[in-house]
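Here full-length UniProt numbering is used: the first residue of the sequence shown is 1, the next is one more, and so on.
In this text, a Cβ means the ideal position worked out from N, Cα and C, and glycines have one as well.
Since the model is a prediction, treat every value here as computed from it, not as a measurement.
Report on one structure; see the data block that follows.
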Amino acid sequence: MSDDDSHSAVELVEEAADHLQTSSEHERRAKELSYQAEEELEATLAEELPDSVKVNVDAEADREGARLVVSLYDDATMETVSDVVGDDVGVGSPHPQQFIIGDDIVGEESSQRERIQNVKEIIADIEDRFDAGAPVQQVIRDARRIGMDKSEAKHEIDKLKQKGEVYEPRTDYLRTT
Numbered sequence: 001m002s003d004d005d006s007h008s009a010v011e012l013v014e015e016a017a018d019h020l021q022t023s024s025e026h027e028r029r030a031k032e033l034s035y036q037a038e039e040e041l042e043a044t045l046a047e048e049l050p051d052s053v054k055v056n057v058d059a060e061a062d063r064e065g066a067r068l069v070v071s072l073y074d075d076a077t078m079e080t081v082s083d084v085v086g087d088d089v090g091v092g093s094p095h096p097q098q099f100i101i102g103d104d105i106v107g108e109e110s111s112q113r114e115r116i117q118n119v120k121e122i123i124a125d126i127e128d129r130f131d132a133g134a135p136v137q138q139v140i141r142d143a144r145r146i147g148m149d150k151s152e153a154k155h156e157i158d159k160l161k162q163k164g165e166v167y168e169p170r171t172d173y174l175r176t177t
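Structure, rendered in structure tokens:
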């Protein structure tokens, strides 16, 4: 190997190191900006919403775009439900009210994937409460709360059945596999 070859190889390694450094700086700055956006939106929403509503904002950025996911938890509603069912029973909110904010919220492919995953999570959350599994009507009702219409929810249930990810142990009841 000649001196010119080793010199250019060293230069290439140095250039690569520079690019890695720049990439790290961009990644750090992106995290800072995301955190700042989360804090600002969270503070603004908290000022505008009733005190009983707790706000959580998560910034997401990837090659498809950037979006903010806003989750709202109503403490007053949770307290009322807790009071009604009593102290011996745990109460949680596995599906907060969510809003997704962004220029291109989701593309068609990821939208379908997310809908399928959301329906599967709903079924998993409900199935243990009933001996026969999750009632289809309850799954559809919960899916409507997260923005799906009845026909979309039924379609996603059918897709999950076709993939073998859920099954019907009894007519109109579902279980995950």
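Close Cβ partners of residue i (< 7 angstroms) along its chain, the five nearest in sequence each way excluded
i, result
"Gly164", "Thr177"
"Pro135", "Asp172, Tyr173"
"Ala46", "Val55"
"Glu14", "none"
Residues that residue i bridges to, as DSSP identifies them
i, result
"Lys54", "Tyr73"
"Ala134", "Leu174"
"Leu68", "Ala59, Ile101"
Pairwise C-alpha distance: residue j and residue i
i, j, result
"Thr44", "Thr77", "22 angstroms"
"Asp75", "Leu41", "19 angstroms"
"Gln138", "Val81", "18 angstroms"
"Asp83", "Val91", "10 angstroms"
"Glu79", "Ser52", "10 angstroms"
"Arg170", "Asn56", "38 angstroms"
"Gln117", "Gln21", "37 angstroms"
DSSP three-state assignment for residue i, whether helix, strand or coil
i, result
"Thr176", "strand"
"Val85", "helix"
"Val166", "strand"
"Leu49", "coil"
Same chain, Cβ closer than 8 angstroms to residue i, five either side skipped, listed in chain order
i, result
"Val166", "Lys120, Ile123, Ile157, Leu160, Leu174, Arg175, Thr176, Thr177"
"Gly102", "Gly65, Ala66, Arg67, Leu68"
Beta-carbon contacts of residue i that lie in its chain and below 6 angstroms, excluding the five residues immediately before and after
i, result
"Gln97", "Leu72"
"residue 180", "The displayed coordinates of the chain run from 1 to 177. Any statement about residue 180 would go beyond what the structure contains."
"Pro126", "The question names Pro, but residue 126 in the sequence shown is Ile. Closer than 6 angstroms at the Cβ level, and outside the excluded window around Ile126, lie Ala134, Gln138."
"Val70", "Val57, Phe99"
What are the start and end residues of each continuous alpha helix (DSSP H) run of 4 or more residues lying completely inside the segment 111-161, in chain order? 136-145
If we require 3 or more residues per run, which beta strand (DSSP E) segments fall completely within the UniProt region "Disordered" (1-35)? none
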